[in-house]
Amino acid sequence: MWRVLYTTLLYAALPFVLARLWWRGRREPGYRAGLAERFGASELEPKPKLLWLHAVSVGEARACAPLVRALQREHPDHDLLLTCLTAAGRETIKQVYGESVLSSWLPYDFPWSAQRFLEHFRPRLGVLVETEIWPNLVRACALNGVPLLLANARMSRKSVRGYQRCKPLARPAFESLSAACAQGAADARRLRHLGAANVTVTGNLKFDIEPDPAKAEEGRVFRAALRQRKVLLLASTREGEEEMLLQRLGAQDDGMLIVLVPRHPQRFDAVAALAQRMGFTLARRSLNDAPHQGCRLYIGDTMGEMAFYYALADVAVIGGSFAPLGGQNLIEGCAAGIPVVTGPHMYNFADVTRLAVAAEAAIQAPDAASALREARALLEDPGRCARMGIAGTRLCGQHRGAAQRHLAVCRGLLRAPAPG
């Protein structure tokens, strides 16, 4: 009954969803491409052996890279299909994986579109990255004999409350999963509470991500050209945070270079315009500008270059954490060997934040003003910066191995015969 009501509401919302898709396509043309894929139709040729992973957007597409590489090494005779829901996610798949994987939109969660998608691709295994639960898709996988793994799963208390509100719809979906790989013990407990069985604590795949060595080296060369300037990175900032942080830092040149990397590419121009209105002298990465002496702000308005930005920074402040947005990934900063400062709202990365703070690789501040004070203090203390950087790289080394633990679960699921 609940699933019927859910599907009815999807049909009712479809005109508005399509209108919004077209509207977003004004700034991101990728949203207007491949519309048939949104309904389960694909021009890609079916493959005899195929593994499918769904990564909703940029973060998930990057997070699953260690698992994708591990599956490719273990199953060289299989094609890998990566699906996503956002234009930025699809662009990230192209940047990270090139021609080594197939890519497509995930179809909207109608029973018939999910069935059409599965009949076309006939995957031997489906992997949903980080708690992407779609009731009709999950049910279609069960009906078609496609084992479905929830990978790198995190489950906050807030998310549990949301799923509990629609328990008659959510619980059958969690119960239909073939297996789940939880980032931590708390995530595993909450997944079991929601109905998931065969839950394994595997750790966080993001600890297994290796920074792009070419981009990291480019960042170090760029950093050397800045000579003695101190560099503060504002990483993966969200709407409203740029103004909040830049106001507190001020536009007056004090010798420090601020590197600002907004989370979403569709906001790059708006953020640059905002900074100019605030009086900042700026340069932009996309224009190959060089931040000359006197240039206060360097806008990181490119995709797939976080290894570059972390390599040129002395301290990183993590965006998405100064409003109740859940935070962004701080592991990249730790892996790059630089101190990390976050705001109070890191609930999407709660376990990682706790580990990094306990290891003295990161500082969690109660607000933006406190975070920037901590960051400035670190910039003036090279010895402490070095100690925190070493602690961060040590932390990442201690927690690697999630990809291999995921791969072991995949092996068990793949022992079942292919569907059909």
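Numbering of the sequence shown is given in my numbering, commencing with residue 26 and proceeding in unit increments. Even for Gly, the Cβ is constructed at its ideal location relative to N, Cα and C.
Exercise for the section: Taking all protein chains shown into account, decide if Lys-183 is buried (16 or more other Cβ within 10 angstroms of its Cβ) or exposed. Expected result: On the sequence shown, residue 183 is found 158 positions in, with the first residue counted as 1. Lys-183 should be labelled exposed.
Practice task
Within 10 angstroms of the Cβ of Tyr-36, are there 16 or more other Cβ atoms? Answer buried if so, exposed if not.
Solution key: Reading the sequence shown from its first residue, position 11 is the one you call residue 36. Classification for Tyr-36: exposed.
Practice task
Pick out whichever of Leu-76, Gly-59, Lys-74, Phe-293 has its Cα sitting closest to the Cα of Glu-68.
Solution key: Numbered from its first residue, the sequence shown carries residue 68 at position 43. Ranking Leu-76, Gly-59, Lys-74, Phe-293 by Cα distance to Glu-68 puts Gly-59 first.
Problem - For Ala-427, the nearest candidate out of Asn-169, Cys-89, Ala-38 (CA to CA) - result: In the sequence shown, counting from the first residue as 1, residue 427 sits at position 402. Of Asn-169, Cys-89, Ala-38, the residue nearest in Cα terms is Cys-89.
Handout entry: Candidates Gln-97, Ala-112, Phe-135, Ala-66: closest to Gly-55 by CA position
Key = If you number the sequence shown from 1, residue 55 lands on position 30. Considering only Gln-97, Ala-112, Phe-135, Ala-66, the residue with the shortest C-alpha distance to Gly-55 is Ala-112.
Handout entry: Endpoints, alpha helix (DSSP H) assigned at His-145
Key = Position 120 of the sequence shown, counted from the start, is the residue given in the question as residue 145. 136-146 is the extent of the alpha helix (DSSP H) around His-145.
Problem - Helix, strand or coil at Pro-316 [DSSP, three-state] - result: Position 291 of the sequence shown holds residue 316. Coil, per DSSP.
Practice task
Going by CA-CA distance only, name the one from Trp-48, His-289, Val-256 that's closest to Val-342.
Solution key: Looking up residue 342 in the sequence shown gives position 317. Here the closest residue by C-alpha is Val-256.
Problem - Straight-line Cα distance separating Ala-416 from Arg-379 - result: If you number the sequence shown from 1, residue 379 lands on position 354. If you number the sequence shown from 1, residue 416 lands on position 391. About 14 Å.
Handout entry: Proximity to Leu-285 [Cα-Cα], best of Ala-402, Arg-186, Gly-345, Gly-325
Key = Counted from its first residue, the sequence shown places residue 285 at position 260. Of Ala-402, Arg-186, Gly-345, Gly-325, the residue nearest in Cα terms is Gly-325.
Handout entry: Close Cβ partners of Ser-181 (< 6 Å) along its chain, the five nearest in sequence each way excluded
Key = Position 156 of the sequence shown, counting from 1, holds the residue named residue 181. Contacts found: Tyr-372.
Handout entry: Inter-stretch contact (C-beta, 8 Å, three-pair minimum) for the stretch 143-158 and the stretch 82-99
Key = yes
Problem - DSSP bridge partner residues for Arg-309 (one or two, in chain order) - result: Counting from 1 along the sequence shown, the entry for residue 309 is found at position 284. Bridge partners of Arg-309: Ile-324.
Handout entry: Cβ shell of Gln-208 (< 7 Å), same chain only, five flanking positions each side left out
Key = Looking up residue 208 in the sequence shown gives position 183. Excluding residues up to 5 positions away in sequence, Asn-177, Ala-178, Arg-179, Gly-228, Asn-229, Asp-376 lie with their Cβ nearer than 7 Å to the Cβ of Gln-208 in the same chain.
Handout entry: the stretch 244-263 touching the stretch 278-296, judged by at least three CB pairs closer than 8 Å
Key = With the cut-off at 8 Å, the stretch 244-263 and the stretch 278-296 touch.
Exercise for the section: Verify whether the separation of the beta carbon atoms of Leu-231 and Asn-313 is less than 8 Å. Expected result: The residue you call residue 231 lines up with position 206 of the sequence shown. The residue you call residue 313 lines up with position 288 of the sequence shown. One detail in the question is off: residue 231 reads as Lys in this sequence, not Leu. Result no, Cβ atoms of Lys-231 and Asn-313 do not sit closer than 8 Å.
Handout entry: Nearest-angstrom Cβ-Cβ length linking Pro-407 and Pro-391, presumed shorter than 8 Å
Key = Here residue 407 refers to the residue found at position 382 of the sequence shown. Here residue 391 refers to the residue found at position 366 of the sequence shown. Going by Cβ atoms, the distance from Pro-407 to Pro-391 rounds to 26 Å, so no, they are not a contact pair.
Exercise for the section: Specify, as a first and last residue, the run of the alpha helix (DSSP H) that Gly-417 falls within. Expected result: Position 392 of the sequence shown holds residue 417. Per DSSP, Gly-417 belongs to the alpha helix (DSSP H) from 407-423.
Exercise for the section: Count the CB pairs spanning the stretch 38-46 and the stretch 102-118 that are closer than 8 Å, and state whether there are at least three. Expected result: By the Cβ criterion, the stretch 38-46 is not in contact with the stretch 102-118, since fewer than three pairs of Cβ atoms, one from each stretch, lie closer than 8 Å.
Practice task
Whole angstroms is fine: what's the gap from Gln-301's alpha carbon to Ala-239's?
Solution key: For the purposes of this step, residue 301 is taken as residue 276 along the sequence shown, with counting starting at 1. For the purposes of this step, residue 239 is taken as residue 214 along the sequence shown, with counting starting at 1. Each residue's alpha carbon lies about 31 Å from the other.
Handout entry: Rounded C-alpha distance that separates Trp-130 from Asp-104
Key = In the sequence shown, residue 130 corresponds to position 105, counting from 1. In the sequence shown, residue 104 corresponds to position 79, counting from 1. Distance between the alpha carbons of Trp-130 and Asp-104 is about 17 Å.
Practice task
Measure the C-alpha to C-alpha separation of Leu-432 and Glu-85 and round it to an integer number of angstroms.
Solution key: Residue mapping note: residue 432 aligns to position 407 of the sequence shown, counting from 1. Residue mapping note: residue 85 aligns to position 60 of the sequence shown, counting from 1. About 17 Å.
Practice task
Tell me, to the nearest whole angstrom, how far the beta carbon of Arg-412 is from that of Leu-403; I am working on the premise that it is less than 8 Å.
Solution key: Within the sequence shown, numbered from 1, the residue matching residue 412 stands at position 387. Within the sequence shown, numbered from 1, the residue matching residue 403 stands at position 378. About 10 Å; that fails the 8 Å criterion.
Exercise for the section: Keeping to the same chain, check which residues put their C-beta closer than 7 Å to that of Gly-344; ignore five residues upstream and five downstream. Expected result: Position 319 of the sequence shown, counted from the first residue, corresponds to residue 344. Same-chain partners within the cutoff: Leu-259, Ala-260, Ser-261, Thr-262, Arg-263, Glu-266, Arg-288, Gln-353.
Practice task
Verify whether the separation of the beta carbon atoms of Ala-80 and Leu-107 is less than 8 Å.
Solution key: Position 55 of the sequence shown, counted from the start, is the residue given in the question as residue 80. Position 82 of the sequence shown, counted from the start, is the residue given in the question as residue 107. The answer is yes: Cβ separation under 8 Å.
Practice task
Just the C-alpha distance for Glu-330 and Phe-199, rounded to the nearest angstrom, thanks.
Solution key: Residue mapping note: residue 330 aligns to position 305 of the sequence shown, counting from 1. Residue mapping note: residue 199 aligns to position 174 of the sequence shown, counting from 1. Their Cα atoms are separated by approximately 35 Å.
Handout entry: For Glu-242, the nearest candidate out of Ala-393, Val-171, Ala-336 (CA to CA)
Key = Residue numbering aside, residue 242 sits at position 217 when the sequence shown is read from its first letter. Ranking Ala-393, Val-171, Ala-336 by Cα distance to Glu-242 puts Ala-336 first.
Practice task
Report, in whole angstroms, the separation of the C-beta atoms of Leu-23 and Arg-196, which I expect to be a contact under 8 Å.
Solution key: The structure shown does not extend to residue 23, since the chain is modelled only from 26 through 445, so no value can be given for it.
Exercise for the section: From the DSSP output, in three-state form, read off Thr-108 for me. Expected result: The sequence position of residue 108 within the sequence shown is 83, counting from 1. Strand, per DSSP.
Handout entry: Beta-carbon proximity check, Leu-397 vs Arg-273, cutoff 8 Å
Key = The sequence position of residue 397 within the sequence shown is 372, counting from 1. The sequence position of residue 273 within the sequence shown is 248, counting from 1. Contact flag set, yes.
Handout entry: Endpoints, beta strand (DSSP E) assigned at Gly-151
Key = Counted from its first residue, the sequence shown places residue 151 at position 126. First-last of the beta strand (DSSP E) with Gly-151: 150-154.
Exercise for the section: Would you tell me roughly how many angstroms separate the C-alpha atoms of Val-163 and Ile-388, rounded to the nearest one? Expected result: Translated into positions along the sequence shown, residue 163 becomes position 138. Translated into positions along the sequence shown, residue 388 becomes position 363. Cα-Cα distance, rounded: 39 Å.
Exercise for the section: Just the C-alpha distance for Glu-70 and Ser-128, rounded to the nearest angstrom, thanks. Expected result: Taking the sequence shown and counting its residues from 1, the one referred to as residue 70 is at position 45. Taking the sequence shown and counting its residues from 1, the one referred to as residue 128 is at position 103. About 12 Å.
Practice task
Answer yes or no: do Ala-205 and Leu-168 have a C-beta to C-beta separation smaller than 8 Å?
Solution key: Position 180 of the sequence shown, counted from the first residue, corresponds to residue 205. Position 143 of the sequence shown, counted from the first residue, corresponds to residue 168. It is not a contact, given that the beta carbons lie outside the stated cut-off.
Handout entry: 7 Å Cβ shell around Arg-309 - same chain, five flanking residues per side excluded
Key = Here residue 309 corresponds to residue number 284 of the sequence shown, with the count starting at 1. Closer than 7 Å at Cβ, skipping near neighbours: Ala-297, Ile-324, Asp-326.
Problem - Exposure of Arg-440, with buried meaning 16 or more beta-carbon neighbours within 10 Å - result: Start at 1 with the first residue of the sequence shown, and residue 440 comes out as number 415. Arg-440 comes out exposed.
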